[in-house]
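Report on the structure given below.
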Amino acid sequence: MTIDLPTIERLAGMLERSGVAAIEIEEAGQSLKLVMDRPIAAAPARAASASAVDDASVTAKADIAGHFLAAHPWRAKPFVEPGQRIEAGAIIGLVKVGLIYAPVVAPAAGIVDTVIAETGALVGYGSPVARIRPVAA
Amino acid sequence: MIEILSVTGPASVQDLGRFDQVRFGVGTSGAMDDVALRAGNILLGNDENAAGIEIPMTPFKLRFGRDTAFALTGADVEAEIAGRTIPPWWRTQARAGDVLTLKAMPRGARSYLTVSGGIDVPIVLGSRSTQFRGEFGGLHGRPLQVGDILPCASWSVTIRDLGIEPAEITLARSSAAADETTVRVVIAGEYDGFDAATQQLFWQSSWKITPQSNRYGYRLQGPEVKPTVPIEKRSHGIVPGVIQIPPNGQPIIQMRDAQTSGGYPKIATVISADLWRVGQARLGSRLRFEQTSYADALAAETEKSAYLDRIRASVRLVEECLT
Amino acid sequence: MTASDRPRISLLGTSALLFEAPGAFDLPHQRRIWSLAATASKWPGIREAIPGITNLMLTFETPPRELDSLIAALNAGWDEADGLMIGGREIRLPVIYGGEIGLCLQDVADYSGLSVDDVVSIHAAPLYTVFALGSHPGYCYLGGMDPRITMPRRQTPLQRSAGGSVSIGGSQTGVSASPGPSGWHAIGHTTWTFFDPSWQTPAALAPGDTIRFEIERVIR
Numbered sequence: 015m016t017i018d019l020p021t022i023e024r025l026a027g028m029l030e031r032s033g034v035a036a037i038e039i040e041e042a043g044q045s046l047k048l049v050m051d052r053p054i055a056a057a058p059a060r061a062a063s064a065s066a067v068d069d070a071s072v073t074a075k076a077d078i079a080g081h082f083l084a085a086h087p088w089r090a091k092p093f094v095e096p097g098q099r100i101e102a103g104a105i106i107g108l109v110k111v112g113l114i115y116a117p118v119v120a121p122a123a124g125i126v127d128t129v130i131a132e133t134g135a136l137v138g139y140g141s142p143v144a145r146i147r148p149v150a151a
Numbered sequence: 021m022i023e024i025l026s027v028t029g030p031a032s033v034q035d036l037g038r039f040d041q042v043r044f045g046v047g048t049s050g051a052m053d054d055v056a057l058r059a060g061n062i063l064l065g066n067d068e069n070a071a072g073i074e075i076p077m078t079p080f081k082l083r084f085g086r087d088t089a090f091a092l093t094g095a096d097v098e099a100e101i102a103g104r105t106i107p108p109w110w111r112t113q114a115r116a117g118d119v120l121t122l123k124a125m126p127r128g129a130r131s132y133l134t135v136s137g138g139i140d141v142p143i144v145l146g147s148r149s150t151q152f153r154g155e156f157g158g159l160h161g162r163p164l165q166v167g168d169i170l171p172c173a174s175w176s177v178t179i180r181d182l183g184i185e186p187a188e189i190t191l192a193r194s195s196a197a198a199d200e201t202t203v204r205v206v207i208a209g210e211y212d213g214f215d216a217a218t219q220q221l222f223w224q225s226s227w228k229i230t231p232q233s234n235r236y237g238y239r240l241q242g243p244e245v246k247p248t249v250p251i252e253k254r255s256h257g258i259v260p261g262v263i264q265i266p267p268n269g270q271p272i273i274q275m276r277d278a279q280t281s282g283g284y285p286k287i288a289t290v291i292s293a294d295l296w297r298v299g300q301a302r303l304g305s306r307l308r309f310e311q312t313s314y315a316d317a318l319a320a321e322t323e324k325s326a327y328l329d330r331i332r333a334s335v336r337l338v339e340e341c342l343t
Numbered sequence: 004m005t006a007s008d009r010p011r012i013s014l015l016g017t018s019a020l021l022f023e024a025p026g027a028f029d030l031p032h033q034r035r036i037w038s039l040a041a042t043a044s045k046w047p048g049i050r051e052a053i054p055g056i057t058n059l060m061l062t063f064e065t066p067p068r069e070l071d072s073l074i075a076a077l078n079a080g081w082d083e084a085d086g087l088m089i090g091g092r093e094i095r096l097p098v099i100y101g102g103e104i105g106l107c108l109q110d111v112a113d114y115s116g117l118s119v120d121d122v123v124s125i126h127a128a129p130l131y132t133v134f135a136l137g138s139h140p141g142y143c144y145l146g147g148m149d150p151r152i153t154m155p156r157r158q159t160p161l162q163r164s165a166g167g168s169v170s171i172g173g174s175q176t177g178v179s180a181s182p183g184p185s186g187w188h189a190i191g192h193t194t195w196t197f198f199d200p201s202w203q204t205p206a207a208l209a210p211g212d213t214i215r216f217e218i219e220r221v222i223r
């Protein structure tokens, strides 16, 4: 077996479901340590309370597992800040996987309510990254 | 096809260079930051040698004539297309008629625009790079002008936005000061023609990059570094990276458009693994030289290739994960 | 045998290596360089073997892991190299000496202590041999200049000198094929096409060809 991204995602899913805090595996020439990130575990609760306030809000989700970056490493300013008006497809942040920076994009136009994920935190496939209150275009 | 709407400074079409015509006096040309050009091409699934546009100054503006996937790598630029901001080292999709604007360059010295399939100018003597001195290659052998139309070999693929980590971050080397770039050099033929104190001066100085620095060469300013006795060499071949010491004692680093031969004494050569760092060093900023061995220079080359290999593998992997 | 009898071999980073032959700047030595270039260009891993003035640059396709065997091969190759006789063409080049392009004619006269007319006749007298191509596309380095009109290269190279400039740098002379930076002193100019990338061989002249300068005019 080679440790590829789909494998890592599968393992991350297993960790999440099983409630195990960490897993470490070693293959020839490769080693992998997956640790469940606490702030992320706590995040859904915050997200849930936000949605209780505003049922119409939408969630921007990561579509790949990796570390969240609210700003590009070359930029001091984050991609979005709460209260900011954004268009559908706007970049909310980046998920860093190896040398790749995959964008997390806004599913709809609106006002940024909360950026849930913190810079450096591990996010998984489908992890909520930000909540957006849609505004009719 | 691409139409140039606004250009500042000598922007040009470059691939990796023209490497086997030196015996006719033809220099290599090619991207000053070869790592950035390769990375852009990797992002787009192009051949790494596909030609792109090297943009040394902003503002720069162009219009895409048709739907085209493109990437921006190299210097950090504040770029916008159709109202969207483009992050550094990024690929995205342009729609026919979209205008791309590079507004400012807060970091680095050269931005690279690569397009899906590459800029399709004719191959001249084995390369698409602009040979300024010979006035061939690139687009009519000259810098780009407003109104120029550049053909693209793009196929109509739609790609999703994706970024990669800039080489400057992955291949970072500890630098003494901000606005100072340290590059590794291997000593050259006339190093021993300088006495020990002068050699120390060369290593310990923080060299200022003068405004007379360009694709031909970087002219540096600092303490006078002169050989013990004046050295006048018979003309011999030189390559980009060679640091010559003309009689005024102020070093000149030969760059991509340098002459293929010279006769000034050579104190050292910037290793090819670090030449892109010189290409991204800004006028007015400073350079420092660090001595390295031939073996370590080869290891640095391997490290640079490994970075590009990782990008290639990662892009492929993410492509598979997300489709 | 002293060290100065042996070739000097030095590195140009990891992309090339420079071989400098011992001995005089003359045709017999240059013929051995041409011979060594012909041999070395066929060695594995060598992209090009580029003759300079009694020296040879080898560029690498891929840099060799270790250099000892390459250095040994170059030394042995030099010792074995017979002069390669190239039966080149003879070209006649009309030159306008002095004037706006040949601005340094007077400087060379002053430096050498000769009159302008003497410098011109001394420069135009020999049958020059194209020793090597280099610098910029189509540029030829010529051997055979009279040492009386030697003039050291510039303290600081010029950012731009004209195409077709006939110039002197140290004990060498040559004609530039296109405008560009130069550390040499221009004493005249010629109109001739030295390079065209659409030609089968892009450079008009090759090592071994000979050139005779014809004095078309002297502008004082």
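Protein chains in written order, with our numbering: chain Y, 15 to 151; chain Z, 21 to 343; chain U, 4 to 223. For every residue, glycine included, the Cβ atom is placed at its ideal position computed from N, Cα and C.
At least one beta carbon of chain Z lies nearer than 8 Å to the beta carbon of Y/V111. Between Z/G257 and Z/T289, the C-beta spacing is not below 8 Å.
Annotation: Z/G299 to Z/D118 spans about 29 Å, alpha carbon to alpha carbon.
Annotated three-state conformation of U/G137 is coil, per DSSP. Look at Y/L136: its C-beta is not under 8 Å from any C-beta on chain Z.
Near chain Z, meaning a CB-to-CB distance below 9 Å, the residues of the stretch 97-123 of chain Y are E101, G103, A104, I105, L108, K110, V111, G112, L113, I114, Y115, A116, P117, V119. Ranked by Cα distance from Z/W296, the first of Z/E244, Z/P171, Z/D54, Z/I263 is Z/D54. In this structure, U/L208 sits away from U/F216, with a CB-CB distance that is not shorter than 8 Å. Three or more Cβ pairs closer than 8 Å define a contact, and the stretch 9-29 of chain U meets that threshold against the stretch 259-272 of chain Z.
Of the other Cβ atoms in all chains shown, fewer than 16 fall within 10 Å of the Cβ of U/M88; this residue is therefore exposed. Around U/L106, the same chain offers A189 as residues with beta carbons nearer than 7 Å, after the five sequence neighbours per side are excluded. Within chain Z, the residues whose beta carbon sits less than 8 Å from that of U/Y144 are S255, S281, listed in sequence order. Separation of the CB atoms of Y/A144 and Y/I106 is rounded to 5 Å, and the pair is thereby assigned contact status at 8 Å. One Cα belongs to Z/I73, the other to Z/L328, and the distance between them is close to 20 Å. Put simply, the CB of Y/P148 is far from chain Z, with every gap to its CB atoms at 8 Å or more.
Closer than 8 Å to the CB of Z/S325 there is not a single CB belonging to chain Y.
Of the residues assessed, Y/K91 falls on the exposed side of the cut-off, its CB having fewer than 16 other CB atoms within 10 angstroms. The stretch 26-43 of chain Z makes contact with the stretch 58-75 of chain Z: 3 or more CB pairs, one atom from each, lie closer than 8 Å. About 20 Å separates the CB atoms of Y/P148 and Y/A131; that is not less than 8 Å, and the two are not in contact.
Against chain U, the beta carbon of Z/D40 has neighbours under 7 Å at R50, E51, listed in chain order.
Nearest CB-CB separation between Z/S194 and chain Y: not below the 8 Å threshold. Looking at the backbone, the Cα of U/T42 and that of U/P67 are separated by about 18 Å. Rounded to whole angstroms, the separation of the alpha carbons of Z/D181 and Y/P117 is 7 Å. At least one beta carbon of chain Y lies nearer than 8 Å to the beta carbon of Z/P107.
For the stretch 178-194 of chain U, the set of positions with a beta-carbon nearer than 9 Å to some beta-carbon of chain Z reads A180, S181, P182, G183, P184, S185, G186 in chain order. For U/A112, the enclosing alpha helix (DSSP H) stretches over residues 108-115. Y/P142 has Y/K75 as its beta-bridge partners, per DSSP.
For U/S38, no CB of chain Z lies under 8 Å from its own CB, so it is not counted at the interface with that chain.
In the assembly as shown, Y/R99 is an exposed residue. Its beta-carbon has fewer than 16 other beta-carbons within 10 Å. Beta-bridge partners of U/G191 (DSSP): U/Y100, U/V169. Selection Z/A320, Z/R330, Z/Y314 evaluated against U/L70 yields Z/Y314 as nearest (Cα-Cα). Z/I139 is positioned such that its CB atom lies no closer than 8 Å to that of Z/L92. Taking a beta-carbon distance threshold of 8 Å, U/L21 counts as an interface residue toward chain Z. Interface with chain Y (8 Å Cβ-Cβ cutoff): Z/T190 is included. Within chain Z, the C-beta atoms nearer than 7 Å to that of U/T57 come from R254, in chain order. Separation of Y/E101 and Z/R104 (C-alpha to C-alpha, rounded to the nearest whole angstrom) is 9 Å.
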